[in-house]
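Colleague: There's a structure below that I have some questions on.
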Amino acid sequence: MKQKPEQGNPSSRDLIRGVMDACTNCDICRFMMDESCLFFPELYRLFDKEKEAGTNVTDEELKRLASLCTLCGLCPCPNIRADILLSKAARVREQGIRAGERLLADVQNACRLGGRFPWLINTFLSINPVEKITKRMGGISQKRALPRLPKENFFSWAQKNGLTRKPAGQPKAAYFAGCTAGFLFPEVARAAVAVLKQNHIAVYVPPQQCCGMPTLLEGMAALTRQRVQDNLRTLLDAADTGFDLVCTCPTCGFFMKKLLREGAHYSQAFQKSVSAGADEIRVPGKIGKEGYVSLKKSIYGDLLADNPNFSAIDPMARIALSEKLSDMGQYLERLHLKGLLDTNLGRINNRMVYFTPCHQREQNIGSPYENLLFMIPGLDLIHVGGDMDCCGMGGSLGFKEGFHGDSVRLGQPLAKKIKAASPYAIVTDCLSCRLQFRHLLPELPVYHPLELLASAYKNEKTIIRP
Ligand code: SF4
Ligand code: SF4
Numbered sequence: 000m001k002q003k004p005e006q007g008n009p010s011s012r013d014l015i016r017g018v019m020d021a022c023t024n025c026d027i028c029r030f031m032m033d034e035s036c037l038f039f040p041e042l043y044r045l046f047d048k049e050k051e052a053g054t055n056v057t058d059e060e061l062k063r064l065a066s067l068c069t070l071c072g073l074c075p076c077p078n079i080r081a082d083i084l085l086s087k088a089a090r091v092r093e094q095g096i097r098a099g100e101r102l103l104a105d106v107q108n109a110c111r112l113g114g115r116f117p118w119l120i121n122t123f124l125s126i127n128p129v130e131k132i133t134k135r136m137g138g139i140s141q142k143r144a145l146p147r148l149p150k151e152n153f154f155s156w157a158q159k160n161g162l163t164r165k166p167a168g169q170p171k172a173a174y175f176a177g178c179t180a181g182f183l184f185p186e187v188a189r190a191a192v193a194v195l196k197q198n199h200i201a202v203y204v205p206p207q208q209c210c211g212m213p214t215l216l217e218g219m220a221a222l223t224r225q226r227v228q229d230n231l232r233t234l235l236d237a238a239d240t241g242f243d244l245v246c247t248c249p250t251c252g253f254f255m256k257k258l259l260r261e262g263a264h265y266s267q268a269f270q271k272s273v274s275a276g277a278d279e280i281r282v283p284g285k286i287g288k289e290g291y292v293s294l295k296k297s298i299y300g301d302l303l304a305d306n307p308n309f310s311a312i313d314p315m316a317r318i319a320l321s322e323k324l325s326d327m328g329q330y331l332e333r334l335h336l337k338g339l340l341d342t343n344l345g346r347i348n349n350r351m352v353y354f355t356p357c358h359q360r361e362q363n364i365g366s367p368y369e370n371l372l373f374m375i376p377g378l379d380l381i382h383v384g385g386d387m388d389c390c391g392m393g394g395s396l397g398f399k400e401g402f403h404g405d406s407v408r409l410g411q412p413l414a415k416k417i418k419a420a421s422p423y424a425i426v427t428d429c430l431s432c433r434l435q436f437r438h439l440l441p442e443l444p445v446y447h448p449l450e451l452l453a454s455a456y457k458n459e460k461t462i463i464r465p
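Note that numbering that gives the first Met the number 0 numbers the sequence shown so that position 41 is 40, with each residue one more than the last.
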């Protein structure tokens, strides 16, 4: 249902207009982000057109502009990204959301529903006219192949295998699989379990909701907050009872480790916990008292505020989750540095390229999977793609009608680099990149690094078939 903007609640138009004004005053991203982002080139195009033609940018143009941000995290200003998200949320409050957009964003519920009858759904979708109508209804590009549902999703498998009960003893890890591995690529989540078990780590799959990224990107702010609250409760409960927290999806990791904590240190609760003075804001840093940088509240107070997209959620819990959760590559690399990782890896005699997805890069954890994969004898692993290279998928954006062309254009430079390396397969930890690579380079199999590690532990010699 549509709602009028509440008083003191800026409209979606004002919010995105504010972003436009700030970024055209600054202009840094006009040149810096012209190839790896769809949002900034469009922002500057609209601004230039407005100046030249003397006509105002329309509401529709501003709506489309906001929808082009996929929250990849590559641009420099978190407050600008936060305002884009606020604008999307305000748009949903004002205009509601189309059923197709809701379906694409709510992967969890769509897959839970379809996952009850995967065979039936897959059979239906293999009938050409049915697939066409489904895509049309969902606002999905006809050029995209819809992913098929596996016979059994990871969460059902985990329950059958006793992983949803907390194991005793140590070491033990609580595994957050995320929706894509959980519902669409359960082989990746099962590989994660196999690798942990190989290293004598007991696995627990706690109750979990979608991390919140896809719904946040569609402006579904209330549903996002509700899911975040649920995940905070179950994951922090697991951490409190001795579990290490791990995840295998770079987007879930980026969301829970980085995005969710943005601004949480400026909250009253955190300032109180570090005994900040009356005119002081303490920010974690290497200099200053007790590892904090001290700033004057009277000068910076208005600038340093909690992220409005998450400020209604306990900031201390957000900080705790971001500190306790590890990307699984990072977790395994730490085990290795302590001499605890099983390095008895069988050969894989293939040449492959590894691509670091943007949400992994943005976690600033180096390239742990590459360091691990280099230990597999026979594997000829080549790094592909620079800091600004992007597959172009942008979560579910690449699926949408009207964005397919942009998505493919954005991913083409990377696809060319991959082809030039003549690999047998592509390795990347992002399953959204996997969908895009399958679309752009259908001749190449795509694997998660954990599938290679699990295969090497089993000594399969040549990698699993696609
Ligand atoms: S995102 Fe930040 S650096 Fe980039 S143009 Fe906008 S204000 Fe400038
Ligand atoms: S977060 Fe990524 S997609 Fe969004 S504006 Fe920044 S660079 Fe562009």
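Cβ atoms here follow ideal geometry from the backbone N, Cα and C, with glycine treated the same way.
1) Taking the CB atoms as reference points, tell me whether P213 and L234 lie closer together than 8 Å.
2) Which residue from L103, D58, D388 and C74 puts its Cα closest to that of R90?
3) D26: beta carbon under 7 Å from a heavy atom of ligand 1?
4) From R115 to I200, what does the alpha carbon distance come to, in whole angstroms?
5) Between G384, V194, L302 and Y330, which lies nearest to I364 when the distance is taken from Cα to Cα?
6) According to DSSP, what are the bridge partners of L294?
7) Can you give me the Cβ contacts of K134 inside the same chain, cut-off strictly under 6 Å, excluding the 5 residues immediately before and after it?
8) Leaving aside the five residues before and after F398 along the sequence, list all residues of the same chain whose C-beta is less than 7 Å from its C-beta, in chain order.
9) Give a yes or no on whether the C-beta atoms belonging to T427 and P367 are separated by under 8 Å.
10) Consider the C-beta atom of P9 and the heavy atoms of ligand 1; say whether any pair is separated by less than 7 Å.
11) Taking the straight line between their C-alpha atoms, what separation do you get for R433 and A172?
12) Please state if the CB of V187 and the CB of L162 are separated by a distance shorter than 8 Å.
13) With a 10 Å radius around its C-beta and 16 neighbouring C-beta atoms as the bar for buried, classify N55 as buried or exposed.
14) In chain order, what residues of the same chain have a beta carbon less than 7 Å from the beta carbon of Q6, not counting five sequence neighbours either side?
15) For a test of the three-state rule: what should DSSP assign to N134, helix, strand or coil?
16) Would you kindly work out how many angstroms separate the C-alpha atoms of R408 and R437, rounded to a whole number?
17) Less than 7 Å between the CB of L73 and some heavy atom of ligand 3, yes or no?
18) Report the three-state DSSP secondary structure of D239 (helix, strand or coil).
19) Hey, could you find the ends of the alpha helix (DSSP H) R260 is sitting in?
20) In its own chain, which residues sit with a C-beta less than 6 Å from the C-beta of L452, not counting the 5 before and 5 after it?
21) So is V245 buried or exposed if we call it buried at 16+ other beta carbons inside 10 Å?
22) By alpha-carbon positions, which one of L371, R111 and L430 ends up nearest to S395?
23) With a Cβ-Cβ cutoff of 8 Å, do M387 and S35 count as a contact?
24) Express the C-alpha separation of L112 and Q119 in angstroms, rounding to a whole number.
25) Touch check for the segment 339 to 350 and the segment 302 to 321: three-plus C-beta pairs under 8 Å?
26) From the DSSP output, in three-state form, read off E5 for me.
27) Helix, strand or coil: which one does DSSP assign to H382?
28) Can you tell me whether D341 is helix, strand or coil according to DSSP?
29) So K196 is in the alpha helix (DSSP H); what residue range does that whole segment cover?
30) What span of residues does the alpha helix (DSSP H) with K418 cover, start to end?
31) Between the beta-carbon of G482 and the beta-carbon of K415, is there less than 8 Å?
32) Would the C-beta of L14 count as close to ligand 2, meaning under 7 Å from any of its heavy atoms?
Modeller: On the basis of the supplied data:
1) For the purposes of this step, residue 213 is taken as residue 214 along the sequence shown, with counting starting at 1. For the purposes of this step, residue 234 is taken as residue 235 along the sequence shown, with counting starting at 1. It is not a contact, given that the beta carbons lie outside the stated cut-off.
2) Locating residue 90 in the sequence shown gives position 91, counting from the first residue. Sorting L103, D58, D388 and C74 by C-alpha distance to the C-alpha of R90 places D58 at the top.
3) Mapped onto the sequence shown, residue 26 falls at position 27. Yes, the beta carbon of D26 sits closer than 7 Å to at least one heavy atom of ligand 1.
4) Counted from its first residue, the sequence shown places residue 115 at position 116. Counted from its first residue, the sequence shown places residue 200 at position 201. Looking at the two C-alpha atoms, the distance is approximately 31 Å.
5) For the purposes of this step, residue 364 is identified with residue 365 of the sequence shown, where counting begins at 1. Checked all of G384, V194, L302 and Y330; the closest Cα to I364 is Y330.
6) Your numbering for residue 294 matches position 295 in the sequence shown. Under DSSP, L294 forms a beta bridge with I280.
7) Locating residue 134 in the sequence shown gives position 135, where the first residue counts as 1. The answer, listed in chain order, is Q141.
8) Along the sequence shown, read from residue 1 onward, the residue named residue 398 stands at position 399. For F398, where only same-chain residues beyond five positions count, the Cβ hits under 7 Å are L103, I139, S140 and R143.
9) Here residue 427 refers to the residue found at position 428 of the sequence shown. Here residue 367 refers to the residue found at position 368 of the sequence shown. No, the Cβ-Cβ distance between T427 and P367 is not below 8 Å.
10) Residue mapping note: residue 9 aligns to position 10 of the sequence shown, counting from 1. For ligand 1, not one heavy atom lies less than 7 Å from the Cβ of P9.
11) By 1-based counting over the sequence shown, the position of residue 433 is 434. By 1-based counting over the sequence shown, the position of residue 172 is 173. If I take the Cα positions, the gap works out to 26 Å.
12) Position 163 of the sequence shown, counting from 1, holds the residue named residue 162. Position 188 of the sequence shown, counting from 1, holds the residue named residue 187. Not in contact: L162 and V187 (Cβ atoms no closer than 8 Å).
13) For the purposes of this step, residue 55 is identified with residue 56 of the sequence shown, where counting begins at 1. Answer is exposed; the Cβ neighbour count stays below 16.
14) Your numbering for residue 6 matches position 7 in the sequence shown. Annotation note: pLDDT 48 at Q6 (below 50); position unreliable, no value reported.
15) Locating residue 134 in the sequence shown gives position 135, where the first residue counts as 1. Per the sequence shown, the amino acid found at residue 134 is Lys instead of Asn. When secondary structure is reduced to three states using DSSP, K134 falls in the helix class.
16) Here residue 408 is taken as the residue at index 409 of the sequence shown, counted from 1. Here residue 437 is taken as the residue at index 438 of the sequence shown, counted from 1. Approximately 15 Å between the Cα atoms of the pair.
17) This structure simply doesn't include ligand 3; it includes ligand 1 and ligand 2 instead.
18) Position 240 of the sequence shown holds residue 239. The answer is helix: DSSP assigns D239 an H, G or I state.
19) Position 261 of the sequence shown, counting from 1, holds the residue named residue 260. Note, R260: premise wrong, no alpha helix (DSSP H); not H, not E.
20) Along the sequence shown, one-based indexing puts residue 452 at 453. So the list reads V194, once near-sequence residues are dropped.
21) Here the question's residue 245 lines up with position 246 in the sequence shown. Note on V245: 16 or more other CB atoms within 10 angstroms of its CB, so buried under the neighbour-count rule.
22) Counting from one through the sequence shown, the residue named residue 395 turns up at place 396. Ranking the options by Cα distance to S395, first place goes to L430.
23) Locating residue 387 in the sequence shown gives position 388, counting from the first residue. Locating residue 35 in the sequence shown gives position 36, counting from the first residue. Yes, they are a contact pair.
24) The residue labelled residue 119 in the question sits at position 120 within the sequence shown. The residue labelled residue 112 in the question sits at position 113 within the sequence shown. In the sequence as presented, Gln is not what sits at residue 119; that position holds Leu. Annotation: L119 to L112 spans about 12 Å, alpha carbon to alpha carbon.
25) No: fewer than three Cβ pairs fall under 8 Å.
26) Stepping through the sequence shown from its first residue, residue 5 is reached at position 6. The predicted position of E5 is uncertain, since its pLDDT is 45 and thus under 50; no value can be drawn from it.
27) As a position in the sequence shown, residue 382 is number 383, starting the count at 1. Strand.
28) Translated into the one-based positions of the sequence shown, residue 341 becomes position 342. In the structure shown, D341 sits in coil (DSSP, three-state: anything other than H, G, I, E or B).
29) Translated into the one-based positions of the sequence shown, residue 196 becomes position 197. Looking at the DSSP string, the run of the alpha helix (DSSP H) that includes K196 is P185 to Q197.
30) By 1-based counting over the sequence shown, the position of residue 418 is 419. The continuous alpha helix (DSSP H) containing K418 extends over residues H403 to A419.
31) No statement about residue 482 is possible, as the shown extent of the chain runs from 0 to 465 and does not include it.
32) Indexing the sequence shown from 1 puts residue 14 at position 15. Answer for L14: no, Cβ out of range of ligand 2.
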